Ligand SMILES: [Fe+2]
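In this note's numbering, the protein residues as written are 8 to 262.
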């Protein structure tokens, strides 16, 4: 089996208006630059995954802009909602595509995509239904001789990674999440966004990876919210047959 090539983009924060900016950054402009960079640098891409905060203003137009931009990438594409998104609008707008599919099987890997968004809240939570879906899917994978490894995608950070302003905005019921995934050694890694910074840590035997945003970045470990000046980026992931993951952050050279 050849290694599987994935790319994660996250926190694109698009607006209905194409001139929309977050901080001083035109978010559609930097998304398009990131997608151009992916087109140039990523050979044989197996899947592109957007881990939430697709839109800043949850408008139909913002999702339409996103879909027009992402169509340039020929690889399969999946998206999940973040705290800024409207999940039912995302489903409606992408009707007829498989963008909202919650599983993606490739080689001996299964990718599971979860919705951690809670209406009108910045923090995240996995609903009873979502936890049940996760457990049922992992149970089925255990019986599938073709699948040895699992990657989970979610928007909110499933561990507290730092003190300060961002401490309370992660996944609230993270212990419920780990109660499920800990039972399945096939789960190798979880990728997420939300914190707009690069993170690579291990918790309870699972690798936890956060990617920088395709627009603005947050200062890690800041007591008060602060924007950082590093450039927009994306995460490249190469999934190996034995469960190993090679990964790297690629940032724009200039905005
Ligand atoms: Fe965000």
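The beta carbon of each residue, even a glycine, is placed where N, CA and C say it ideally should be.
Only a predicted model underlies this, so the values are computations on that prediction, with no experimental measurement involved.
Take the alpha-carbon of residue 229 and the one of residue 254: they are about 25 Å apart. Every residue whose Cβ sits closer than 5 Å to any heavy atom of ligand 1 is listed here in chain order: 18 and 60. Each of 16, 165, 119 and 183 was checked against the Cα of residue 256, and the nearest Cα belongs to 16.
Apart from the 5 residues on each side of it in sequence, residue 187 sits with its Cβ closer than 8 Å to the Cβ of 138, 141, 142 and 145 in its chain, given in chain order. For residue 214, same chain residues with a beta-carbon under 6 Å away, outside a window of 5 residues either side, are 196 in chain order. Straight across, the Cα-Cα distance linking residue 44 with residue 77 is about 12 Å.
When rounded, the separation of the alpha-carbon atoms in residue 239 and residue 148 is 35 Å. Under a 10 Å Cβ-count criterion, residue 47 is classified as exposed, with fewer than 16 other Cβ atoms of the shown protein chains found around its own Cβ. Contact between the region 214 to 223 and the region 116 to 126 is absent: fewer than 3 CB-CB pairs across the two stretches fall below 8 Å. Rounded to whole angstroms, the gap between the alpha carbons of residue 262 and residue 40 is 8 Å.
For residue 68, the enclosing alpha helix (DSSP H) has its first and last residue at 67 to 77. At a cut-off of 3 residues, the continuous stretches assigned as beta strand (DSSP E) that sit fully inside the region 151 to 190 are 156 to 160.
Non-local C-beta neighbours of residue 223 in its own chain, meaning closer than 7 Å and more than five positions away in sequence, comprise 29, 30, 32, 203 and 234, ordered along the chain. In this structure, the straight-line span from the alpha carbon of residue 51 to that of residue 117 is close to 18 Å. Shown here, residue 130 sits in coil according to DSSP, grouped into three states, outside any helix or strand.
The Cβ atoms of residue 198 and residue 58 lie closer than 8 Å to each other.
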